[in-house]
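Right, one structure below, let's go through it.
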């Protein structure tokens with residue numbers, strides 16, 4: 110179902126063609142990184158730390174090197190030292206430890222051998238002598254007075270501090286007068302919320318193949334959200350110039366932010382360089398869970414005040430986010446994501462911490478779900494105490510264009526009100542709550558970003574087209590690029606082939622993150638197409654023997670206008686490309702940009718749940734999501750993003766958690782024990798696309814990939830409260846945790 | 031000249047001032063002038079901030095973006111994504 114604001118009528122944009130890469134995906138022909146095999150290829154395995162924090166006293170690789178089939182072994186000593194002020198420092202050390210191991214599972218050494226079994230056996234044979242150090246395993250331990258350092262190289266970001274610290278970042282956001290705001294409030298609610306680390310849970314483990322030649326150059330095939338970043342980061346970690354590395358993007362089996370970081374490529378390149386043969390390095394699921402980025406744990410104390418009339422007067426609190434073993438600004442992002450309500454008075458302290466758990470990385474609207482859990486639970490509680498409809502309370506306080514976000518910046522044109530109205534008029538909201546069930550509602554916000562993108566559009570001899578971009582297709586971007594090109598050129602979308610090219614075949618393109626690909630890379634495609642149209646007008650003018658000013662581009666063809674038009678048939682793209690050789694040569698255009706004006710997106714979710722008060726089991730009966738997409742280029746993909754974000758948020762809410770033992774070892778490092786939702790756990794997630802076009806994009810696009818994960822946690826917490834009278838403040842809301850709360854009632 | 035808005039943790043450099051008129055024809059020039067007036071603030075805005083002009087979030091590194099006397103420049107914490 111689509112709720113559409115009046116906007117131009119498009120022929121291709123907004124349609125739902127079969128995706129260009131669909132057949133390969135469903136037939137198993139698509140090649141992911143681990144599918145690639147090269148002649149003479151070696152397999153590699155990594156030796157990982159059994160300690161959460163320890164000094165590396167020595168590493169003896171001699172036994173491993175002597176084992177059958179072993180061709181190369183590397184340790185941290187095989188990589189250049191990097192200054193701690195260098196932006197790549199933390200990622201380099203996270204790839205392979207130098208002086209200290211910083212979490213259980215941290216890579217210490219790697220082995221390449223003829224077979225995977227040989228490599229794994231040799232990785233076990235690498236002898237590492239450790240001196241154990243005190244391990245910090247939680248936010249509370251990190252901030253305790255006199256706490257030992259979790260990572261001696263960490264400095265507090267953006268403060269200029271030069272001393273090591275367990276504080277990754279410290280920030281503060283203020284406006285108005287908080288004391289006066291609470292004094293003016295008739296209702297004040299205050300709670301503390303905690304969340305635990307969760308993984309992005311992509312189905313494809315990290316993998317790459319590296320082939321280092323005798324010319325000192327390396328080719329890498331890798332699964333990532335940005336192969337140009339793989340190139341630049343690998344080069345920086347190896348101390349190479351970027352021209353020595355070519356990265357070819359493999360198909361990606363999910364990323365959700367977790368593949369914006371590299372773990373394997375520098376190691377694979379160095380092993381290949383030492384062995385003189387190609388090396389494949391792929392993680393097991395256990396390695397993915399032990400050593401790649403979870404979303405951060407959090408601890409949030411929040412207080413909100415409101416008047417009896419339902420005006421939210423004040424928000425104040427402190428947000429702690431763990432960054433795992435290295436510095437980061439997840440807490441700042443979390444606080445900044447508090448942007449949905451006007452709150453004339455606001456004071457938020459955002460504190461990031463460092464500990465000896467895996468380095469946290471982005472996960473779909475990073476840090477926003479944890480913050481929304483706190484804000485939306487308290488807003489719901491205020492609605493309950495005031496006896497107000499939860500959507501009405503939000504409508505009364507919802508931000509509109511010009512209202513400030515937590516960081517003071519005014520919102521551009523946004524569609525929050527429209528999103529709230531859409532769900533308010535939904536069939537779900539207007540249906541009775543099933544007997545015995547509870548209904549929960551919550552909203553979410555995400556910024557979205559622009560950044561750098563490039564695109565080349567080639568017209569082929571027969572009038573078909575190839576659209577070449579550098580954005581890995583993690584959410585349907587091929588189809589979206591083809592649709593925008595089709596709309597611009599007036600060419601059937603299935604006569605356009607969208608491809609994702611390697612780092613030597615298309616211009617630089619930033620990582621696919623921040624829901625930016627359809628927005629920013631899409632603009633590059635549009636710009637390239639518009640340049641091509643100008644070229645085709647010029648070619649048509651040559652063919653028709655008229656001035657180019659007399660040629661218009663109408664409906665996918667060059668049309669001569671004015672007195673010279675008599676008897677002049679329109680020239681289609683195929684007509685023009687057929688004569689390209691005679692009119693100036695091949696028709697191609699390239700566009701690059703650094704995109705500003707990414708449009709923020711809002712979502713509103715509604716859920717009906719049953720809670721088994723004997724077991725604590727939560728069953729979702731019905732779930733609906735409304736989200737502002739600006740303009741849905743391919744609505745089926747937009748709905749897929751909304752459903753996928755919802756499903757991941759539901760898993761985060763109800764079941765997922767890293768379980769560490771007292772020594773910092775993850776005890777549930779498999780999908781058997783790390784409980785993610787599967788299809789049978791979920792109802793069909795109903796979607797309502799709201800379209801309030803972003804004026805900064807030629808088709809009004811807003812990113813849609815991330816916002817959907819923000820509301821599910823508070824939506825379900827509020828539904829559980831409605832069903833049981835129990836306010837859940839700690840994740841996951843798994844059966845034992847829900848049952849415990851019910852029994853405490 | 032531009033109207034600069036600073037978030038709370040940057041205001042320790044300005045004696046608590048949140049909104050300032052700052053000389054400069056580009057974002058980079060505004061940052062340089064802020065550094066001249068409030069030593070130590072400049073690097074934080076260059077390395078640790080995203081920039082929005084009149085409510086529009088700019089890409090990272092947009093130091094050559096032009097500003098005018100009525101341009102609102104917000105320096106905010108970095109924004110990325112997942």
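Residue numbers (my numbering), protein chains in the order written: chain A, 110 to 854; chain B, 31 to 112.
By construction, the Cβ of each residue, glycine as well, lies at the ideal position given by its N, Cα and C atoms.
#1: Excluding the 5 residues flanking residue 902 (chain A) on each side, which residues of the same chain have their C-beta closer than 8 Å to its C-beta?
#2: Using only alpha-carbon positions, find the residue among A:450, A:432, A:428 and A:455 that is nearest to residue 443 (chain A).
#3: Can you name the residues of chain B whose CB is closer than 7 Å to the CB of residue 523 (chain A)?
#4: Quick check: the Cα distance between residue 484 (chain A) and residue 408 (chain A), rounded to an integer number of angstroms?
#5: Is residue 420 (chain A) close to the ligand PLP? I mean its beta-carbon at under 7 Å from any heavy atom of the ligand.
#6: DSSP has residue 239 (chain A) in a bridge; who is on the other side?
#7: Please state if the CB of residue 677 (chain A) and the CB of residue 631 (chain A) are separated by a distance shorter than 8 Å.
#8: What whole-angstrom Cβ distance do residue 464 (chain A) and residue 222 (chain A) have, given they're in contact under 8 Å?
#9: Residue 461 (chain A): which of A:853, A:481, A:569 and A:281 sits nearest, CA to CA?
#10: For the segment 447 to 479 of chain A, list every residue whose C-beta sits within 7 Å of some C-beta in chain B, in sequence order.
#11: For residue 55 (chain B), return the contacting residues in chain A, with the cut-off set at a CB-CB distance below 7 Å.
#12: From residue 637 (chain A) to residue 371 (chain A), what distance separates their C-alpha atoms?
#13: Just to make sure I have the definition right: I need the residues of chain B whose C-beta is within less than 8 Å of the C-beta of residue 556 (chain A). Which are they?
#14: In this structure, does DSSP put residue 556 (chain A) in helix, strand or coil?
#15: Which parts of the segment 657 to 739 of chain A are runs of the alpha helix (DSSP H), unbroken and 4 residues or longer, counting only runs that do not cross its ends?
#16: Who are the Cβ neighbours of residue 711 (chain A) in its own chain at under 6 Å, not counting the five residues just before and after it?
#17: Closest by CA to residue 389 (chain A), which one among A:477, A:171, A:539 and A:376?
#18: Between residue 504 (chain A) and residue 481 (chain A), what straight-line distance do the alpha-carbon atoms span, to the nearest angstrom?
#19: Please return the same chain residues whose Cβ sits closer than 7 Å to the Cβ of residue 612 (chain A), not counting the five positions on each side in sequence.
#20: Where residue 31 (chain B) and residue 61 (chain B) are concerned, what is the direct C-alpha to C-alpha distance, given to the nearest angstrom?
#21: Determine the direct distance from the alpha carbon of residue 591 (chain A) to that of residue 300 (chain A), and round the result to whole angstroms.
#22: Should residue 66 (chain B) be flagged as near chain A, meaning a C-beta pair shorter than 8 Å?
#23: Are the segment 769 to 784 of chain A and the segment 158 to 175 of chain A in contact at 8 Å, needing three or more beta carbon pairs?
#24: Any beta-carbon of chain A closer than 8 Å to the one on residue 63 (chain B)?
#25: Can you list, in chain order, the residues of its chain with a C-beta nearer than 7 Å to that of residue 842 (chain A)? Leave out the 5 residues immediately preceding and following it.
#26: Tell me whether the beta-carbon of residue 752 (chain A) lies closer than 8 Å to the beta-carbon of residue 699 (chain A).
#27: With distances taken between CB atoms, is the gap from residue 817 (chain A) to residue 111 (chain B) smaller than 8 Å?
#28: Exposed or buried, residue 510 (chain A), counting other C-beta atoms within 10 Å across all chains shown (16 or more means buried)?
#29: Residues of the segment 602 to 623 of chain A in Cβ contact with chain B at a cutoff of 8 Å, in chain order, please.
#30: Find out if the Cβ-Cβ distance for the pair residue 215 (chain A), residue 400 (chain A) is shorter than 8 Å.
#31: Nearest to residue 344 (chain A) by alpha carbon, out of A:248, A:782 and A:378?
#32: What does a CB cutoff of less than 6 Å around residue 257 (chain A) pick up in its chain, not counting 5 residues either side in sequence?
#33: If you run the structure through DSSP and keep just helix, strand and coil, what is residue 450 (chain A)?
#34: Does the distance from the C-beta atom of residue 785 (chain A) to that of residue 496 (chain A) stay below 8 Å?
#35: Taking 8 Å as the CB-CB cut-off, is residue 78 (chain B) touching chain A?
#36: Excluding five sequence neighbours on each side, which residues of the same chain lie with their C-beta closer than 6 Å to the C-beta of residue 235 (chain A)?
The answer reads as follows:
#1: A query on residue 902 (chain A) cannot be resolved here, the shown segment of chain A reaching from 110 to 854 and no further.
#2: As a first step, residue 443 (chain A) is located in the first chain; it is residue number 334 there, counting from the start. Minimum Cα distance to residue 443 (chain A) is reached at A:428.
#3: Translated into the one-based positions of the first chain, residue 523 (chain A) becomes position 414. None at all; the shortest Cβ gap to chain B is about 10 Å.
#4: Along the first chain, one-based indexing puts residue 484 (chain A) at 375. Along the first chain, one-based indexing puts residue 408 (chain A) at 299. Each residue's Cα considered, the two are about 13 Å apart.
#5: Annotation note on the ligand PLP: not contained in the displayed structure, which lists no ligands.
#6: Counted from its first residue, the first chain places residue 239 (chain A) at position 130. For residue 239 (chain A), which the question treats as bridged, DSSP gives the partners A:165.
#7: Start at 1 with the first residue of the first chain, and residue 631 (chain A) comes out as number 522. Start at 1 with the first residue of the first chain, and residue 677 (chain A) comes out as number 568. No, the pair does not count as a contact, with Cβ atoms beyond the cut-off.
#8: Against the first chain, residue 464 (chain A) aligns to sequence position 355. Against the first chain, residue 222 (chain A) aligns to sequence position 113. Contact flag wrong, Cβ pair sits at about 34 Å.
#9: Within the first chain, residue 461 (chain A) is the residue found at index 352, counting from 1. Taking only the C-alpha atoms, the option nearest residue 461 (chain A) is A:281.
#10: 471, 472, 473, 474 and 475
#11: Here residue 55 (chain B) corresponds to residue number 25 of the second chain, with the count starting at 1. Near residue 55 (chain B) there are no residues of chain A at all, since even the closest Cβ is about 18 Å away, more than 7 Å.
#12: Within the first chain, residue 637 (chain A) is the residue found at index 528, counting from 1. Within the first chain, residue 371 (chain A) is the residue found at index 262, counting from 1. Each residue's Cα considered, the two are about 31 Å apart.
#13: Within the first chain, the letter at position 447 stands for residue 556 (chain A). Those are 87, 109 and 111, listed as they occur along chain B.
#14: Counted from its first residue, the first chain places residue 556 (chain A) at position 447. Residue 556 (chain A) falls in the coil class under three-state DSSP.
#15: 682 to 687 and 689 to 692
#16: To locate residue 711 (chain A), count along the first chain from 1; it is residue 602. For residue 711 (chain A), where only same-chain residues beyond five positions count, the Cβ hits under 6 Å are 525, 528, 554 and 737.
#17: Position 280 of the first chain, counting from 1, holds the residue named residue 389 (chain A). It is A:376.
#18: As a working note, residue 504 (chain A) is residue 395 in the first chain. As a working note, residue 481 (chain A) is residue 372 in the first chain. Roughly 17 Å between the two C-alpha positions.
#19: Counted from its first residue, the first chain places residue 612 (chain A) at position 503. Within the same chain, residue 612 (chain A) has close Cβ partners 336, 337, 340, 355 and 356.
#20: In the second chain, counting from the first residue as 1, residue 31 (chain B) sits at position 1. In the second chain, counting from the first residue as 1, residue 61 (chain B) sits at position 31. Residue 31 (chain B) and residue 61 (chain B): Cα-Cα distance of roughly 11 Å.
#21: Locating residue 300 (chain A) in the first chain gives position 191, counting from the first residue. Locating residue 591 (chain A) in the first chain gives position 482, counting from the first residue. Approximately 48 Å, taken between the alpha carbons.
#22: Stepping through the second chain from its first residue, residue 66 (chain B) is reached at position 36. Residue 66 (chain B) does not count as touching chain A.
#23: yes
#24: Translated into positions along the second chain, residue 63 (chain B) becomes position 33. By this cut-off, residue 63 (chain B) is not an interface position.
#25: Working through the first chain from its first residue, we reach residue 842 (chain A) at position 733. Cβ neighbours of residue 842 (chain A) beyond the five flanking positions: 727, 762, 763, 825, 826 and 829.
#26: Within the first chain, numbered from 1, the residue matching residue 752 (chain A) stands at position 643. Within the first chain, numbered from 1, the residue matching residue 699 (chain A) stands at position 590. No, they are not a contact pair.
#27: Within the first chain, numbered from 1, the residue matching residue 817 (chain A) stands at position 708. Within the second chain, numbered from 1, the residue matching residue 111 (chain B) stands at position 81. No. Outside cutoff.
#28: As a working mapping, residue 510 (chain A) is identified with position 401 in the first chain. Exposed: under 16 other Cβ atoms inside 10 Å.
#29: 622 and 623
#30: Here the question's residue 215 (chain A) lines up with position 106 in the first chain. Here the question's residue 400 (chain A) lines up with position 291 in the first chain. Yes.
#31: If you number the first chain from 1, residue 344 (chain A) lands on position 235. Taking only the C-alpha atoms, the option nearest residue 344 (chain A) is A:378.
#32: The residue given as residue 257 (chain A) occupies position 148 in the first chain. Same-chain partners within the cutoff: 243.
#33: In the first chain, the residue the question calls residue 450 (chain A) occupies position 341. Here residue 450 (chain A) sits in strand by DSSP.
#34: On the first chain, residue 785 (chain A) is found 676 positions in, with the first residue counted as 1. On the first chain, residue 496 (chain A) is found 387 positions in, with the first residue counted as 1. Their beta carbons are not under 8 Å apart, which means residue 785 (chain A) does not touch residue 496 (chain A) by this criterion.
#35: Residue numbering aside, residue 78 (chain B) sits at position 48 when the second chain is read from its first letter. For residue 78 (chain B), the answer is yes, since a Cβ of chain A falls inside 8 Å of its Cβ.
#36: Taking the first residue of the first chain as position 1, residue 235 (chain A) is located at position 126. For residue 235 (chain A), where only same-chain residues beyond five positions count, the Cβ hits under 6 Å are 156, 170, 173 and 218.
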